[in-house]
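**Q** Supplied in structure tokens, the structure appears directly below.
Protein chains: 2
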Amino acid sequence: MLSKSCVYALRAIVYVGHNGSENHKIGIKEIGEELDLPVHFLSKILQSLVKHNILQSTKGPHGGFYINEVSGEIKLLRIIEVVDGLSFFHKCGLGMHECSDSHPCPLHDDFIVFREGLYKIFSTKTINDLVKKVEEGNAFVRNLSNKK
Amino acid sequence: MLSKSCVYALRAIVYVGHNGSENHKIGIKEIGEELDLPVHFLSKILQSLVKHNILQSTKGPHGGFYINEVSGEIKLLRIIEVVDGLSFFHKCGLGMHECSDSHPCPLHDDFIVFREGLYKIFSTKTINDLVKKVEEGNAFVRNLSNKK
DNA sequence: ATATTAAAAGATATTTAGGTCTTTTTATAT
DNA sequence: ATATAAAAAGACCTAAATATCTTTTAATAT
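Taken in order, these protein sequences are the chains called R and F.
Each residue of the first sequence is one higher than the last, beginning at 1 in the working numbering.
Each residue of the second sequence is one higher than the last, beginning at 1001 in the working numbering.
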């Protein structure tokens, strides 16, 4: 549903939100190691988020990624929009060109319930909401197997 | 979510169920044309369904695809299983290796509602259920733009 | 038996997603 | 000013999904 790029982005941002701050920036290498993600690939994704001002970064010594106050309140949907686009939330579950109440596919009624349910979640929750869950110990972005 | 192969399969089966029968088999060419699907590619997918006894076919003059009584009652989930596998219905929405109630990702609770809701639908509905909808004129598998 | 029709099978091409490696730029500390 | 650290950028590679084309096999009607 979400591409790998997109879930990598989400997990990385939450990791940065949880572990970093404006005066403790997080290097791409650390993010990649902690989340078991391919560093150079992730780098591309985060660069794009920086360009879209969803994430902040600085180069040089003690540089790295961080999120400012504004970014923390960005909705998850915005990240999805930038990385994957929003077509999933408009598309027919059976891939038909037009699928609407007036010309529905045979799964239309059932499918839109879930599609719109997801939309609601993604358009409501913010990065900070997820960070908070992680801070409270009620959720994780690192794999269980990552022993460190 | 579902691959193109998979939604092609579903639409094609419903088309065959709707338009064909054991003594009026439907050629792959007709299916491809009516549903705007790439014929040879679709052919591969249907071949695999035939092998799995989800769909029936015969070669030669007046040959083609059809579904017998048993096949009509097959659950959609079975088709998904054969074409895509069922991993989607077990996988974490954020792609984490382990994501469960005891080690959840930050979207776990929200995501499983969606994932399991879809599972319910696909494991309940049969091919005939979809065919019926089409027969009643309450749903379509052909694109609106397909004028024919 | 033979011709014909249509699926099955095989080989190959294209596109997209995912991933790696190298070089360049820029910020900071010395 | 210079060295260094780290992101940015660019070139390239790989694998999987999707798509096309050709040949083979099998069923049927004549």
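Glycine is no exception: its CB is placed at the ideal position from the N, C-alpha and C atoms.
Note that the coordinates shown come from a computational prediction; the quantities given were computed from them, not determined experimentally.
Is the Cβ-Cβ distance between Gly1095(F) and Val82(R) less than 8 Å?
**A** Walking along the second sequence from the start, residue 1095(F) turns up at place 95. Walking along the first sequence from the start, residue 82(R) turns up at place 82. Against a cut-off of 8 Å, the Cβ pair of Val82(R) and Gly1095(F) comes out as no contact.
**Q** Check whether the Cβ atoms of Gly63(R) and Lys29(R) lie closer than 8 Å to each other.
**A** Taking the first residue of the first sequence as position 1, residue 63(R) is located at position 63. Taking the first residue of the first sequence as position 1, residue 29(R) is located at position 29. Cβ distance not < 8 Å, so Gly63(R) and Lys29(R) don't count as in contact.
**Q** With distances taken from CA atoms, which of Gly32(R), Glu33(R), Ser71(R) is nearest Lys51(R)?
**A** In the first sequence, counting from the first residue as 1, residue 51(R) sits at position 51. Closest option to Lys51(R), Cα to Cα, is Ser71(R).
**Q** Between Ser145(R) and chain F, is there a C-beta pair that is closer than 8 Å?
**A** Stepping through the first sequence from its first residue, residue 145(R) is reached at position 145. Closer than 8 Å to some Cβ of chain F, the Cβ of Ser145(R) qualifies, so yes.
**Q** According to DSSP, simplified to helix, strand and coil, what is Gly27(R)?
**A** As a working note, residue 27(R) is residue 27 in the first sequence. Three-state result, Gly27(R): coil.
**Q** Tell me Tyr15(R)'s beta-bridge partners as DSSP assigns them.
**A** In the first sequence, counting from the first residue as 1, residue 15(R) sits at position 15. For Tyr15(R), which the question treats as bridged, DSSP gives no partner whatsoever.
**Q** Can you name the residues of chain F whose CB is closer than 8 Å to the CB of Glu98(R)?
**A** By one-based count along the first sequence, residue 98(R) stands at place 98. Neighbours of Glu98(R) on chain F, chain order: Asn1143, Leu1144, Ser1145.
**Q** The beta strand (DSSP E) with Phe65(R) in it runs from where to where?
**A** Translated into the one-based positions of the first sequence, residue 65(R) becomes position 65. Unbroken beta strand (DSSP E) run through Phe65(R): 64-66.
**Q** For Lys148(R), is the classification buried or exposed, using 16 other Cβ atoms within 10 angstroms of its Cβ as the cut-off for buried?
**A** Here the question's residue 148(R) lines up with position 148 in the first sequence. At Lys148(R) the pLDDT is 47, less than 50, meaning the model places this residue with poor confidence; the figure from the coordinates comes in the next sentence. Counting Cβ neighbours within 10 Å, Lys148(R) comes out exposed, since fewer than 16 surround it.
**Q** Could you tell me whether the Cβ of Lys148(R) comes closer than 8 Å to any Cβ of chain F?
**A** In the first sequence, counting from the first residue as 1, residue 148(R) sits at position 148. The predicted model places Lys148(R) with a pLDDT of 47, which falls under 50 and marks its position as unreliable, so this point remains unresolved.
**Q** Are there any heavy atoms of the ligand NAD lying less than 7 Å away from the beta-carbon of Lys1125(F), as far as the coordinates show?
**A** Absent from the structure shown: the ligand NAD. Ligands present: none.
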